[in-house]
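Top to bottom, those sequences are chains A and B.
When the letters of the first sequence are read in order and numbered with this note's numbering, they come out as residues 1 to 141.
When the letters of the second sequence are read in order and numbered with this note's numbering, they come out as residues 1001 to 1141.
The structure under discussion appears below in the form of structure tokens.
Protein chains: 2
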Amino acid sequence: MILNQATDYAFRAVLYLSLLQPGEIVEAKVISESQNIPLRFLLKILRSLAKAGIVKSYQGVGGGYALGKKPADITLRDVLEAVEGPIRINKCLIDPDYCNKQATTYCPVHHVLASIQQTITQEFDKYNFEQLKEYAKQYGK
Amino acid sequence: MILNQATDYAFRAVLYLSLLQPGEIVEAKVISESQNIPLRFLLKILRSLAKAGIVKSYQGVGGGYALGKKPADITLRDVLEAVEGPIRINKCLIDPDYCNKQATTYCPVHHVLASIQQTITQEFDKYNFEQLKEYAKQYGK
DNA sequence: ATAAAACAATACCGATTAAGTATAGTTTAT
DNA sequence: ATAAACTATACTTAATCGGTATTGTTTTAT
């Protein structure tokens, strides 16, 4: 019932990239130091984000990372799922056979959990990095 | 981002107790067998639920468990928090110093996560065991 | 009073996952 | 050709999860 440390780092890294000038590229090391994220761990996380198209990576000298799309087009859910996979709040919502072992016909627990999961998913979808960027600017840093 | 197995078991055990006749007491063994929950693990879970007043335990011969309050007065959140502790979706929402280490003044990530956490908490509060009981009756089992 | 049927408390254990590190390789600007 | 960056994969350590074991307590029936 808690986000991974990696997801927390990912949120902060993507926010950092959101605040750059358009076209600006920064090395992982800069993000790592500014956000207090262990460098090698961050590199791993950035790879997941790159796979999902959330960031774009540039190899070689002068390389680094930049956002892969506009901040407004990246939601917290996008980042969360890039790092942790799909939001699933209970085993019975992953493996459809799970419930059938316990409740042969119909499982009311499953029923409401599915609904809660949907609300949670929507909730993470509600926030994008344009909004976070505004908050950040507004309050300084 | 997922509920404990123990919480899942707890939901099902409390639902089972909700469906009993008023005043009826059942041994852990009966719940265990009916719901496919390892007995000793269930006993541990029931102890947490008893501490929270959700179930009432009776020792000695002829003892067992019954609900500690009306099904309508037990929410999914009550059960979840009895088993796992308070709903906290990120480390920075547990330890207030955590954010300050990283973002010295104001942390927009923290800000929105706090709001999401509140929504999630309300969502688990929305469902009580009277409702689950109705679903269960309606669909048989 | 004592035996047995239940729960209580605590400690332990093995497996999995999370968090982070290491090693070797690839790409690219200079 | 070299060095500065990222890539890929595998490894390691620590924490958590899911479950079990042991010993003790309470209560009812005999």
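From the three backbone atoms N, C-alpha and C, an ideal C-beta is built for every residue, glycine too.
Fair warning: this is a prediction, and the values are worked out from it, not measured in the lab.
| request: Leaving out five residues on either side along the sequence, give the residues of the same chain with a beta carbon under 7 Å from the beta carbon of A1006/B. | output: For A1006/B, where only same-chain residues beyond five positions count, the Cβ hits under 7 Å are I1045, V1083.
| query | To the nearest whole angstrom, what separates the beta carbons of L1003/B and N4/A, a pair I think is in contact under 8 Å? | reply | Their Cβ separation, rounded to whole angstroms, is 15 Å, which puts L1003/B and N4/A out of contact at 8 Å.
| query | For S1115/B, which of H111/A, L113/A, D125/A has the nearest alpha-carbon? | reply | D125/A
| query | Rounded to whole angstroms, how far is the Cβ of F1087/B from the Cβ of L1076/B, which I believe are closer than 8 Å? | reply | Going by the sequence as given, residue 1087/B is Ile instead of Phe. So it is not a contact: roughly 11 Å between Cβ atoms.
| query | Do you know offhand how far I1120/B's Cα is from D1078/B's? | reply | Whole-angstrom Cα-Cα distance: 13 Å.
| said: Looking only at its chain, what residues have a beta carbon closer than 6 Å to the beta carbon of K56/A, apart from the 5 residues adjacent to it on each side? | reply: A66, G68
| Same chain, Cβ closer than 7 Å to L19/A, neighbours up to 5 away in sequence not counted | K133, A136
| said: Please identify, using Cβ separations under 8 Å, the residues of the region 1021 to 1045 of chain B that lie next to chain A, in order along the chain. | reply: Within the region 1021 to 1045 of chain B, the qualifying residues are Q1035, N1036.
| As assigned by DSSP and simplified to three states, the class of K1126/B | In the structure shown, K1126/B falls within a coil segment according to DSSP collapsed to helix, strand and coil.
| field | Anticipated Cβ contact below 8 Å, V1014/B with F1129/B, distance rounded | value | Rounded to the nearest angstrom, the Cβ distance from V1014/B to F1129/B is 6 Å, consistent with a contact under 8 Å.
| task | Compute the Euclidean distance between the alpha carbons of A1010/B and Q1117/B, then round it to the nearest angstrom. | result | 22 Å
| query | Does DSSP put A1052/B in a helix, in a strand, or in coil? | reply | In the three-state reduction of the DSSP assignment, A1052/B falls in the coil class, being assigned neither a helical nor a strand state.
| query | For G1063/B, which of V1030/B, F1041/B, V1112/B, N1036/B has the nearest alpha-carbon? | reply | V1030/B
| message | Taking DSSP's pairing of strands, which residues face G1064/B in a bridge? | response | Y1058/B.
| Continuous alpha helix (DSSP H) stretch holding R12/A: start and end | 5 to 18
| chain B contact residues for Y16/A, given Cβ-Cβ distances below 7 Å | Those do not exist, as Y16/A stays about 10 Å from chain B at its closest Cβ, beyond 7 Å.
| said: I'd like to confirm the pairing. Which residues does DSSP put opposite V971/B in its beta bridges? | reply: Nothing about residue 971/B can be read from this structure; chain B reaches only from 1001 to 1141.
| What's the C-alpha gap between L113/A and Q1138/B? | 18 Å
| Whole-angstrom C-beta distance between L39/A and A28/A, which should lie under 8 Å | The C-beta separation of A28/A from L39/A comes to about 6 Å, placing the pair in contact by the 8 Å criterion.
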